[in-house]
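**Q** Pasting a structure below so you can have a look.
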Amino acid sequence: MIYLNAEVVSGLGEDTFWTWFKREFPSSLFENPAGFNNNDMVLRYSTLGFLNRAPVKSIALLWELLPEMKVVFNSHEWDQKLDKIYECAKYCTYRVVASPLAKPYYDAFGTVDIIPIGVNTDLFRPMNARDALRDKYGIPRHKRVGFWGGTTHPMKGFGRLQQWASEHPDVHWIIVWKQEAEASRMAGASNFTLVNQEMLAELFNCADFILCSGMLKPFYMIEWEAMASNLPVVILDGVRKDFEPSQNPRDDIFRLGWDRGSVKKTWASYLEQRGITW
């Protein structure tokens with residue numbers, strides 16, 4: 067049996083890794099039993115810390131970028147959460163990161179494996195309906211349109227977006243905010259909040275490119291989803307990312323095994339090698 071320990075399964079009802087995994091691996095459950103068997107496995111989100119229960123195989127999902135944030139911003143703000151993350155990394159049987167760029171932050175705790183989180187390439191895809199979608203969302207048909215999504219948190223680089231936008235006044239912006247409370251409306255842009263995945267996929271198809279202004283190295287999930295929609299990528303200041311996107315970034319998604327079909331095969335093999343049936 068596979069037990070799924072998520073911090074948040076689906077905040078806005080979106081089809082996350084957790085809901086996808088539960089669907090694709092039917093033996094998995096969102097619970098922890100009173101006792102575990104030798105052939106059980108726990109997938110543990112790192113911010114939950116270590117599951118201090120009877121001996122059981124466990125995988126720490128080390129997807130948070132807080133170790134890099136601490137270095138970049140030289141701050142103790144996240145130390146309490148980092149203690150939980152490092153506890154999870156130290157005591158879980160296995161460790162998994164989504165990006166090779168995150169691996170060095172966890173090497174001290176043992177072997178670290180790399181498995182992509184996976185993008186829904188059926189949902190996030192080119193739709194070839196740009197004019198109709200721009201009309202639907204009130205976005206100018208004949209403007210060059212940039213896309214940016216995130217929060218005002220420094221790691222997302224909203225200030226860097228504002229600076230770049232001031233230097234490129236010809237660009238109209240689609241700004242997607244994660245939550246209403248975090249939104250900082252940008253004048254002259256089309257601002258959206260609480261966007262579901264279906265709407266997000268359509269907004270990608272209204273844009274001509276996505277701007278990556280984040281302060282951290284790995285691509286954020288929204289950037290992977292934009293690339294699956296074949297949205298060209300502009301990376302500010304030559305920040306090192308997971309890879310240099312091509313002119314057809316959707317092809318890169320499949321080449322790198324970030325599509326869900328490939329990720330399922332990777333997880334199936336990973337679990338089977340550790341004696342877990344699903």
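Position 188 (the sequence shown) corresponds to 254 in this note's numbering; numbering is contiguous. No residue lacks a Cβ here, since even glycine has one placed at the ideal position from N, Cα and C.
1. Using a Cβ-Cβ cut-off of 6 Å (strictly less than) and excluding sequence neighbours within five positions of residue 252, which residues of its own chain qualify?
2. Do the stretch 148-162 and the stretch 170-189 make contact, defined as three or more Cβ pairs closer than 8 Å?
3. In three-state terms, what does DSSP make of residue 244?
4. Please report the straight-line C-alpha distance between residue 300 and residue 278, rounded to a whole angstrom.
5. Residues in the same chain with beta-carbon distance under 6 Å from residue 329, minus the five sequence neighbours each way, listed in chain order, please.
6. For residue 154 versus residue 211, is the C-beta distance shorter than 8 Å?
7. Would you please state the rounded distance, in angstroms, between the beta carbons of residue 294 and residue 319? I believe it to be under 8 Å.
8. Among 111, 167, 166, 123, whose alpha-carbon lies nearest the alpha-carbon of residue 148?
9. Would you list the one or two residues that DSSP bridges to residue 111?
10. Assign residue 108 to buried or exposed, taking buried as 16 or more other Cβ atoms, counted over all protein chains shown, within 10 Å of its Cβ.
11. Going by alpha carbons, who is nearest to residue 262 out of 316, 322, 189?
12. How is residue 328 classed by DSSP in three states: helix, strand or coil?
13. Rounded to whole angstroms, what is the Cα-Cα separation between residue 302 and residue 315?
14. If you compare alpha carbons, which of 152, 70, 341 is closest to residue 91?
15. Exposed or buried, which one is residue 207 when buried takes at least 16 other CB atoms within 10 Å?
16. Return the first residue and the last residue of the alpha helix (DSSP H) that residue 148 is part of.
17. Taking the alpha-carbon of residue 199 as reference, which of 224, 317, 287, 268 has the nearest alpha-carbon?
18. Taking Cβ positions, are residue 84 and residue 93 nearer each other than 8 Å?
19. How many whole angstroms separate the CB atoms of residue 282 and residue 97, which I take to be in contact at a CB cut-off of 8 Å?
20. Give the C-beta separation of residue 280 and residue 331 to the nearest angstrom, bearing in mind that I take them to be a contact with Cβ-Cβ under 8 Å.
21. Below 6 Å CB to CB, which residues in the same chain sit around residue 213 once its five sequence neighbours on both sides are set aside?
22. By the 10 Å Cβ neighbour count, where 16 or more other Cβ atoms means buried, how is residue 126 classified, buried or exposed?
**A** By the coordinates alone:
1. In the sequence shown, the residue the question calls residue 252 occupies position 186. Answer for residue 252: 241, listed in chain order.
2. yes
3. The count along the sequence shown starts at 1 and reaches residue 244 at position 178. Correct three-state label for residue 244: coil.
4. For the purposes of this step, residue 300 is taken as residue 234 along the sequence shown, with counting starting at 1. For the purposes of this step, residue 278 is taken as residue 212 along the sequence shown, with counting starting at 1. Spanning the two alpha carbons is a distance of roughly 6 Å.
5. Locating residue 329 in the sequence shown gives position 263, where the first residue counts as 1. Excluding residues within five positions, the ones whose Cβ falls inside 6 Å are 182, 184.
6. Taking the first residue of the sequence shown as position 1, residue 154 is located at position 88. Taking the first residue of the sequence shown as position 1, residue 211 is located at position 145. The answer is no: Cβ separation not under 8 Å.
7. As a working mapping, residue 294 is identified with position 228 in the sequence shown. As a working mapping, residue 319 is identified with position 253 in the sequence shown. About 5 Å separates the two Cβ atoms, so the contact holds.
8. Here residue 148 refers to the residue found at position 82 of the sequence shown. Closest option to residue 148, Cα to Cα, is 111.
9. Taking the first residue of the sequence shown as position 1, residue 111 is located at position 45. For residue 111, which the question treats as bridged, DSSP gives the partners 127.
10. One-based indexing of the sequence shown puts residue 108 at position 42. When all chains shown are included, residue 108 counts as buried.
11. Within the sequence shown, residue 262 is the residue found at index 196, counting from 1. Of 316, 322, 189, the residue nearest in Cα terms is 189.
12. As a working note, residue 328 is residue 262 in the sequence shown. Helix at residue 328.
13. The sequence position of residue 302 within the sequence shown is 236, counting from 1. The sequence position of residue 315 within the sequence shown is 249, counting from 1. Rounded to the nearest angstrom, the two C-alpha atoms are 17 Å apart.
14. Looking up residue 91 in the sequence shown gives position 25. When each option's Cα is compared against that of residue 91, the closest is 70.
15. Looking up residue 207 in the sequence shown gives position 141. Classification for residue 207: exposed.
16. On the sequence shown, residue 148 is found 82 positions in, with the first residue counted as 1. First-last of the alpha helix (DSSP H) with residue 148: 145-157.
17. Looking up residue 199 in the sequence shown gives position 133. Selected option, being the one with the closest Cα: 268.
18. As a working mapping, residue 84 is identified with position 18 in the sequence shown. As a working mapping, residue 93 is identified with position 27 in the sequence shown. Going by C-beta atoms, residue 84 is not nearer than 8 Å to residue 93.
19. Numbered from its first residue, the sequence shown carries residue 282 at position 216. Numbered from its first residue, the sequence shown carries residue 97 at position 31. Not really, about 33 Å apart at Cβ, beyond 8 Å.
20. For this step, residue 280 is matched to residue 214 along the sequence shown. For this step, residue 331 is matched to residue 265 along the sequence shown. Not really, about 29 Å apart at Cβ, beyond 8 Å.
21. Here residue 213 is taken as the residue at index 147 of the sequence shown, counted from 1. For residue 213, where only same-chain residues beyond five positions count, the Cβ hits under 6 Å are 240, 273, 276.
22. Position 60 of the sequence shown, counted from the start, is the residue given in the question as residue 126. When all chains shown are included, residue 126 counts as buried.
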